[in-house]
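Engineer: A single structure is presented below for examination.
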Amino acid sequence: MVSKSSVRLKNNLHTGKPRAADQIHATLKEEILSGEISSGDLLSENDIAARFEVSRTPVREALNQLACEGLVQVLPQRGHLVRTISFSEIMEAFRLRELLEVEAAGEAAHNITDQELEDLTLIMTNPEDTVLANYKFHTAIAHISGNRLLRETLEEILMLMQRMIVIHPTLFDPNPELKVIEALATRDPDAARSAMRAHIYEARDNLVNSLNRRGNHKM
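If you're matching positions, the sequence shown starts at 548 in the working numbering and goes up one per residue.
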């Protein structure tokens with residue numbers, strides 16, 4: 548089945564607007580993060596080129612970009628494999644979020660506008676895509692922080708977290724994010740940091756408890 552994003556990409560390719568490699572990368576990335584393409588799937592350059600009616604050159608460039616982001620790994624002579632994620636990786640990601648995303652929330656409290664507060668609320672209460680709502684929310688806060696290096700560093704971490712939510716969708720709960728929005732609305736950096744830290748701890752504990760109930764730590 549051809550996705551809507553695939554149809555949009557074909558239209559863009561034929562009008563010659565964005566670079567083909569960038570559009571292919573964006574489409575595949577969205578499909579991986581939404582779970583439409585699963586961990587362990589093998590991505591073939593030939594199949595993708597046929598799907599988007601392009602040569603293999605932009606496909607190869609897009610796949611290499613996904614590899615740099617840690618979403619796929621190169622298998623010589625076979626293609627690109629969508630990476631699986633481990634429990635230890637997720638725990639490391641939570642630790643980095645505690646260090647980096649808490650600070651991003653504090654910086655965002657200085658910069659956030661009323662429109663951005665409204666946009667964040669809409670992402671969580673009336674999302675266009677419920678699967679990607681959490682990812683869009685947290686990357687938006689990283690962007691609002693105004694710190695480019697912080698945003699770019701958090702991006703890879705948040706992609707890991709998004710893939711965890713795809714695997715464990717019952718862990719998604721918009722209420723903690725709404726508390727973060729309330730804290731951001733005060734424009735108080737300490738309140739924003741505290742709310743984000745509490746959210747990260749709660750998400751981590753919920754995951755560990757869920758895996759313990761299953762009797763294993765397999766993602």
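All C-beta atoms in this analysis are idealised placements derived from N, C-alpha and C, irrespective of residue type, glycine included.
Please report the distance separating the alpha-carbon of L718 from that of I712.
Structural biologist: Within the sequence shown, the letter at position 171 stands for residue 718. Within the sequence shown, the letter at position 165 stands for residue 712. Distance between the alpha carbons of L718 and I712: 7 Å.
Engineer: Extract the residue ranges of the alpha helix (DSSP H) inside the region 658-685, only unbroken runs of 4 or more that lie entirely within it.
Structural biologist: Here the runs fully enclosed are 661-672.
Engineer: Taking the continuous beta strand (DSSP E) assigned at Q620, which residues delimit it?
Structural biologist: As a position in the sequence shown, residue 620 is number 73, starting the count at 1. Secondary structure note for Q620: its beta strand (DSSP E) is the uninterrupted segment 619-622.
Engineer: Quick check: V619 and L580, are their CB atoms within less than 8 Å of each other?
Structural biologist: The sequence position of residue 619 within the sequence shown is 72, counting from 1. The sequence position of residue 580 within the sequence shown is 33, counting from 1. No, these two residues do not count as a Cβ contact at 8 Å.
Engineer: In chain order, what residues of the same chain lie with their CB nearer than 8 Å to the CB of I747, ignoring the 5 residues before and after it?
Structural biologist: The residue labelled residue 747 in the question sits at position 200 within the sequence shown. A distance below 8 Å between beta-carbons, with the five flanking residues on each side excluded, links I747 to the following residues of its chain, in chain order: F641, R644, E645, E648, V649.
Engineer: Taking DSSP as the reference, what is the three-state secondary structure of H572?
Structural biologist: Stepping through the sequence shown from its first residue, residue 572 is reached at position 25. H572 falls in the helix class under three-state DSSP.
Engineer: Could you pull out every residue in the same chain whose Cβ sits closer than 8 Å to the Cβ of R630, ignoring the five residues on either side in sequence?
Structural biologist: On the sequence shown, residue 630 is found 83 positions in, with the first residue counted as 1. S586, G617, L618, V619, Q620, listed in sequence order.
Engineer: Give the secondary structure of V601 by DSSP, where H, G and I count as helix, E and B as strand, and everything else as coil.
Structural biologist: In the sequence shown, residue 601 corresponds to position 54, counting from 1. Residue state, collapsed to three classes: coil.
Engineer: Closest to T659 by CA distance: which of D588, M706, T733, S633 is it?
Structural biologist: For this step, residue 659 is matched to residue 112 along the sequence shown. Correcting the residue type first, residue 659 is Ile in the shown sequence and not Thr. Closest option to I659, Cα to Cα, is T733.
Engineer: Starting from H746, trace the alpha helix (DSSP H) both ways and give me its first and last residue.
Structural biologist: Working through the sequence shown from its first residue, we reach residue 746 at position 199. Where H746 is concerned, the enclosing alpha helix (DSSP H) stretches over 736-761.
Engineer: Give the range of the alpha helix (DSSP H) segment to which L696 is assigned.
Structural biologist: Here residue 696 corresponds to residue number 149 of the sequence shown, with the count starting at 1. Element bounds for L696: 695-714.
Engineer: Would you kindly work out how many angstroms separate the C-alpha atoms of G563 and A652, rounded to a whole number?
Structural biologist: Walking along the sequence shown from the start, residue 563 turns up at place 16. Walking along the sequence shown from the start, residue 652 turns up at place 105. Low confidence applies to G563: its pLDDT is 46, below 50, so where it sits in the model is not reliable, and the reading given next is rough at best. C-alpha separation (whole angstroms): 38 Å.
Engineer: By Cβ distance below 7 Å, which residues in the same chain neighbour T677 in space, the five residues on each side in sequence not counted?
Structural biologist: If you number the sequence shown from 1, residue 677 lands on position 130. Cβ neighbours of T677 within its own chain (closer than 7 Å, five residues either side excluded): none.
Engineer: Thinking C-beta only, is A655 closer than 8 Å to A739?
Structural biologist: As a working note, residue 739 is residue 192 in the sequence shown. As a working note, residue 655 is residue 108 in the sequence shown. Taking 8 Å as the Cβ cut-off, A739 and A655 qualify as a contacting pair.
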